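Using our numbering, the first residue of the sequence shown is number 2, and each one after it goes up by one.
Every residue, glycine too, gets a C-beta built ideally from N, C-alpha and C.
It should be emphasised that the depicted structure is a prediction, and the values quoted were computed from it without experimental measurement.
Below: one structure, written as structure tokens.
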Amino acid sequence: MKYEGEIFVSTGAFGRQDLEDTLQLALSENISRIELSSGARHRSSDLSALLGSIDQTRMRFLVHNYFPVPVRPFVLNLASDDQEMLQKTREHCKLAIDIAAKVDAPFYSVHAGFCIHLKPEDLGQKLQGKEISKEKAKVTFFESVKLLGEYAATKGMTVAIENNVASAFNLREGRNDLLLGVTGDDLEELMQVVNMPNVRLLLDVAHLRVSANSLGFDAIAAVKQIAPWIIACHLSDNDGQTDSNQVLTSQSWFWEALAKYLKTKPVWILEVYEITPDVIHEQLNLIRTEFGRLRPNLVN
2 MKYEGEIFVS TGAFGRQDLE DTLQLALSEN ISRIELSSGA RHRSSDLSAL
52 LGSIDQTRMR FLVHNYFPVP VRPFVLNLAS DDQEMLQKTR EHCKLAIDIA
102 AKVDAPFYSV HAGFCIHLKP EDLGQKLQGK EISKEKAKVT FFESVKLLGE
152 YAATKGMTVA IENNVASAFN LREGRNDLLL GVTGDDLEEL MQVVNMPNVR
202 LLLDVAHLRV SANSLGFDAI AAVKQIAPWI IACHLSDNDG QTDSNQVLTS
252 QSWFWEALAK YLKTKPVWIL EVYEITPDVI HEQLNLIRTE FGRLRPNLVN
């Protein structure tokens, strides 16, 4: 796959600033692989022109989830039972696929669905709102993923589904009733039901750590279970309780599991938030060092 083994940096690493400023800073700091992610607002009225103006020999892009940020905020939910919201979500994803194709990205990645109606301000805390039955949400979600896979195929693109994070404060009597795509079983079922060669997984290792801790499953066993479908990984760390997008260390839990079980080189994405360019470079070097030590052919 194009860019396999390369390391990208989420726009979230540069903090809350406009995309134009992020790209200028990244280029000045020789950071040339950028994931265009949810918080990256832009001043330009023509996003395609902005991205097209960047020298493609110097900078490469991925497109993730809520990018480009809509003028009127909403929560993407590929499992919604509100037909207007579902249509809005699917259309946003198609637009993002179009942009990913234009910037020659290998895939567009998007979060798994929710079994609850949410507002943007609800994210990152205890989820509250009108709930959707999990079975009904799952049917809609699988249908959405198939539709996006079919649309992406017309562009020569792949869709990568990212695992959700189930924090303890969002469980109901120890059960995960509100989020899809959390466990290894969830993600394996998705891949088997959709069964499309251009639908794959983006593994967020930080999400997996929190979910495994709150639900009591083995995160390493989950990596092994879904490894055949993983084409990209979001890398950050946390305390196992909250998805806080902290810096990686040599002690981070996932190095050996990924080195042991991944079938092919994924695209790596550093998703540590609000750090300096110096720390970004330190983190990139750590990724190369750790995988270089364990399995050198995983990184370029």
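For the beta strand (DSSP E) that contains residue 231, what are its first and last residues? 231-236
Inter-stretch contact (C-beta, 8 Å, three-pair minimum) for the region 272-279 and the region 220-233: no
Rounded C-beta distance between residue 145 and residue 91? I'm assuming under 8 Å. 6 Å
Sort out for me which residues DSSP pairs residue 173 with in a bridge. 176
Go ahead and pull the three-state DSSP assignment for residue 187. helix
Does DSSP put residue 205 in a helix, a strand or coil? strand
Hey, how far is the Cα of residue 156 from the Cα of residue 174? 44 Å
Residue 103: which of 61, 5, 124 sits nearest, CA to CA? 61
To the nearest angstrom, how far is the alpha carbon of residue 197 from that of residue 214? 31 Å
Please list, in chain order, all residues of the same chain as residue 178 whose beta carbon is under 7 Å from its beta carbon, the five residues on each side excluded. 116, 135
Give every residue of the same chain whose Cβ lies closer than 8 Å to the Cβ of residue 216, excluding the five residues on either side of it in the sequence, and list them in chain order. 167, 172, 175, 177, 183, 184
Three-state secondary structure (DSSP) at residue 277? coil
Unbroken alpha helix (DSSP H) run spanning residue 248, endpoints: Taken as a continuous stretch (DSSP letters only), residue 248 belongs to no alpha helix (DSSP H), as it is neither H nor E.
Please confirm whether residue 266 and residue 16 have their CB atoms less than 8 Å apart. no
When the distance is taken between beta carbons, is residue 12 closer than 8 Å to residue 37? yes
Write down every uninterrupted run of the beta strand (DSSP E) in the region 18-76 whose length is 3 residues or greater and which is fully enclosed by it, in chain order. 34-37, 61-65
Per DSSP, cross-strand counterpart(s) of residue 109: 64, 160
Do you know offhand how far residue 284's Cα is from residue 294's? 15 Å
Return the Cβ separation of residue 14 and residue 64 in integer angstroms, given the expectation that the two are a contact with Cβ distance under 8 Å. In fact, because the Cβ distance is near 16 Å, the residues do not count as touching under 8 Å.
Note down, in chain order, each residue of its chain lying with its Cβ closer than 6 Å to the Cβ of residue 170, except the 5 sequence neighbours on either side. 127
If you check the beta carbons only, do residue 206 and residue 233 fall under 8 Å apart? no
Roughly how many angstroms lie between the CA atoms of residue 219 and residue 203, to the nearest whole one? 18 Å
Inspect the beta-carbon positions of residue 66 and residue 77 and report whether they are closer than 8 Å. yes
Alpha carbon to alpha carbon, how far is residue 84 from residue 181? 18 Å
Below 7 Å CB to CB, which residues in the same chain sit around residue 71 once its five sequence neighbours on both sides are set aside? 93
Would you check if the distance between the CB atom of residue 143 and the CB atom of residue 191 is smaller than 8 Å? yes
Can you tell me the Cβ-Cβ gap for residue 80 and residue 114, rounded? I've got them flagged as a contact below 8 Å. 3 Å
Who are residue 269's beta bridge partners in DSSP? 8, 234
For residue 239, which of 261, 263, 212 has the nearest alpha-carbon? 212
Per DSSP, cross-strand counterpart(s) of residue 200: 160
Taking 8 Å as the threshold (C-beta atoms), are residue 160 and residue 150 in contact? yes
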